[in-house]
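Line order of the protein sequences matches chains A and B. The first sequence runs 1 to 207 under our numbering. The second sequence runs 208 to 337 under our numbering.
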Amino acid sequence: MDLDTGTLRSLIVAAAEQIIASAPELTALDQAIGDGDHGINMKRGFEAVLGKIDAIAAQPLGEAINTVGKTLVMTVGGASGPLYGSFFMAVGKAIAAGRRLPEDLADVFASGVDAVSARGRSKAGEKTMLDVLVPVLETLRSDAGRPDLMVRVRTTASEAVERTAPMLATKGRASYLGQRSIGRIDPGARSSCVLVHAICTTLEAHL
Amino acid sequence: MSDTVSIVIVSHSQDIAKGTADMVRQMVGKEVNIAFCGGNPDGGLGTDVPRIIDAIETVWTPKGVAILVDLGGAETNSEMAVEMLPPERRNCVVVCNAPIVEGAVMAATEAAGGSPLDKVRAVAEELSPS
C-alpha cells in the first residue's frame with residue numbers, strides 16, 4: 001500500500017503542531033547548552049510548512065516531503081534548518097526513487113539519517129539529534145513487521161533522548177561548553193524525539 | 208565581469224557581517240567584490256539560506272566565491288546555500304574554515320592579487336589551527 005494524501009497531510013500537520021507546541025521546551029533546553037534559539041527556529045520553519053500545507057499535500061509523496069525539507073532549509077535560520085531539511089529532502093528523494101511507505105520505512109528513514117550525518121559531519125555518540133535518529137533506525141530494522149512497531153519506536157526515541165544527558169558534546173554549539181554540556185539532554189535530540197512521536201502516533205492511527 | 212575571486216561574509220549578526228565587510232574594503236580596497244549577510248529570517252541573530260544565496264549571486268564570478276562564516280550554523284547554512292546553487296556554479300564556491308574577520312581580510316588580500324579560488328581559500332585557512 002501507499003500513503004494516501006490524507007495520511008500525508010495528517011503526518012505533516014502532526015509533526016508541525018507538536019514541534020510548535022514544544023518550542024518553549026526546546027528553547028529552554030537550548031538556552032542551557034546552546035544559543036537558545038532551537039525552539040524559535042524550529043517553530044518558524046514548521047509554521048512556514050503549515051502555511052503551504054495545501055500545496056504540499058497536493059504533490060506526490062516524495063516531492064511533498066522534499067518540499068517540507070526545502071521549506072525548513074529556507075526558513076529555520078539556524079543549523080537545524082539544513083540538518084532537518086537534509087533529512088526530509090533525502091527521505092523525499094528516496095520515496096521519489098521508488099521506495100514505498102510503509103514497507104520500506106527503515107530504508108527510507110536510513111536515507112534521512114545518512115543525510116543528517118553527512119550534513120553535520122557527525123555520528124551517534126556526539127550528543128546530537130543522531131543520538132535519537134540512529135537508535136530509532138535500529139529499532140525500525142530489528143523490530144520490522146511487529147504489530148507494536150510504532151510503540152517500540154516511540155519508546156526507543158524517548159529513552160534515547162535521556163541517554164544524551166550524560167554525553168559530552170563534541171559537535172555543534174554545545175561543544176563549546178565542553179564538560180559543562182554534561183548533565184543536560186540535547187535540544188536536537190529532543191526535537192527529533194518529538195517528531196518521531198508525532199509521526200509514529202499518526203501512522204498508528206492511519207495504517 | 209570581475210577578474211578576481213569574490214568574498215561573501217556570513218555572520219549570525221548583520222552588524223558583524225557589515226563591519227567585517229567595511230574592514231575588508233578599507234584594508235584591501237575595492238578591487239574585490241564583497242557581499243555580506245547576517246541575521247535569521249525574522250531579523251534576529253542567525254543565518255538565512257535564501258539571503259546567503261542572494262549574497263553569492265550578487266558577487267558571482269566564474270573566478271569563484273570564497274565564503275567566510277562565524278559560528279556553526281553559519282557554516283551549515285552556507286554549505287546548504289552552495290548546494291542549492293545551479294550545478295555549474297557549486298564547484299566555484301567554497302566555505303573557508305577560517306576566523307571570519309582575519310580570514311576575510313587575508314582572503315580578500317590574496318584575491319586582489321588575482322589568485323585562483325583554491326589559493327585564496329588556502330591563505331585564509333592558514334589562520335586556523337590544523
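Every residue gets a Cβ at the ideal spot worked out from N, C-alpha and C, and that includes glycine.
Contacts around residue i, its chain only, beta-carbon distance under 7 Å, and the 5 residues preceding and following it disregarded
i, result
"Ile40 of chain A", "Ala23, Thr27"
"Ser10 of chain A", "Thr202, His206"
"Asn247 of chain B", "Gly253, Thr254, Asp255"
"Met1 of chain A", "A caution first: Met1 of chain A carries a pLDDT of 43, below 50, which makes its placement in the model too unreliable to give a value."
"Ala281 of chain B", "Val217, Ser218, His219, Thr254"
Spatially closest choice to residue i from the options, by CA coordinates
i, options, result
"Cys244 of chain B", "B:Ile263, B:Lys326, B:Ser322", "B:Ile263"
"Gly36 of chain A", "B:Gly251, B:Ala315, B:Pro257", "B:Gly251"
"Arg163 of chain A", "A:Asp131, A:Asp143, A:Phe46", "A:Asp131"
"Ser181 of chain A", "A:Glu126, A:Phe87, A:Thr71", "A:Glu126"
"Ala319 of chain B", "B:Ala273, B:Cys299, B:Glu282", "B:Ala273"
"Phe88 of chain A", "A:Ala15, A:Leu177, A:Thr139, A:Lys123", "A:Ala15"
"Val215 of chain B", "B:Glu317, B:Pro323, B:Ile307", "B:Ile307"
"Leu334 of chain B", "B:Leu324, B:Gly310, B:Gly321, B:Ala315", "B:Gly310"
"Ala90 of chain A", "A:Met74, A:Ala189, A:Val68", "A:Val68"
Sub-8 Å separation of residue i and residue j beta-carbons
i, j, result
"Val330 of chain B", "Val212 of chain B", "no"
"Glu286 of chain B", "Ala305 of chain B", "no"
"Val302 of chain B", "Val289 of chain B", "yes"
"Leu137 of chain A", "Ala174 of chain A", "no"
"Leu29 of chain A", "Ile185 of chain A", "yes"
"Leu8 of chain A", "Gly45 of chain A", "no"
"Arg141 of chain A", "His197 of chain A", "no"
"Ser111 of chain A", "Ala94 of chain A", "yes"
"Val300 of chain B", "Val231 of chain B", "no"
"Lys43 of chain A", "Gly120 of chain A", "no"
"Ala79 of chain A", "Gly226 of chain B", "no"
Interface flag, residue i vs chain E, CB-CB below 8 Å
i, result
"Gly253 of chain B", "The displayed structure is made up of protein chains A and B, and chain E is not among them."
Status (buried if at least 16 other CB within 10 Å, exposed otherwise) for residue i
i, result
"Lys237 of chain B", "exposed"
"Asn66 of chain A", "buried"
"Ala55 of chain A", "exposed"
"Asn284 of chain B", "buried"
"Gly321 of chain B", "exposed"
"Gly51 of chain A", "exposed"
"Glu159 of chain A", "exposed"
"Glu295 of chain B", "exposed"
"Glu17 of chain A", "exposed"
"Gly145 of chain A", "exposed"
"Gly98 of chain A", "exposed"
Residue i Cβ short of 7 Å to the ligand ZN heavy atom set
i, result
"Ser285 of chain B", "The ligand ZN is not part of the structure shown, which contains no ligands of any sort."
Sequence-distant residues of its chain with Cβ nearer than 8 Å to residue i (five each side left out)
i, result
"Glu63 of chain A", "Gly92, Ala96"
"Thr5 of chain A", "Ala57, Ala58"
"Ile223 of chain B", "Gly245, Asp277, Ile307"
"Gly183 of chain A", "Ala165, Pro166"
"Pro102 of chain A", "Met1, Leu3, Leu203, Leu207"
"Ile33 of chain A", "Ala169, Arg173, Ala174, Leu177, Arg180, Ser181, Arg184, Asp186, Pro187"
"Ala21 of chain A", "none"
Cut-off 6 Å between Cβ atoms - residues of its own chain near residue i, not counting five sequence neighbours on either side
i, result
"Gln233 of chain B", "none"
"Ser192 of chain A", "Met129, Val132, Leu133"
"Leu324 of chain B", "Val212, Gly271"
*Looking at chain B, which residues of the region 70-83 of chain A have a Cβ within less than 9 Å of any of its Cβ atoms?*
Lys70, Val73, Met74, Thr75, Val76, Gly77, Gly78, Ala79, Ser80, Gly81, Pro82, Leu83
*Which residues, in order along the region 34-49 of chain A, keep a beta-carbon less than 8 Å from a beta-carbon of chain B?*
Asp35, Asp37, Ile40, Asn41, Arg44
*Report the residues of the region 116-128 of chain A with a CB closer than 9 Å to any CB of chain B, ordered along the chain.*
Arg119, Gly120
_Please list, in chain order, the residues of the region 85-107 of chain A that have any C-beta partner in chain B closer than 8 Å._
Gly85, Ser86
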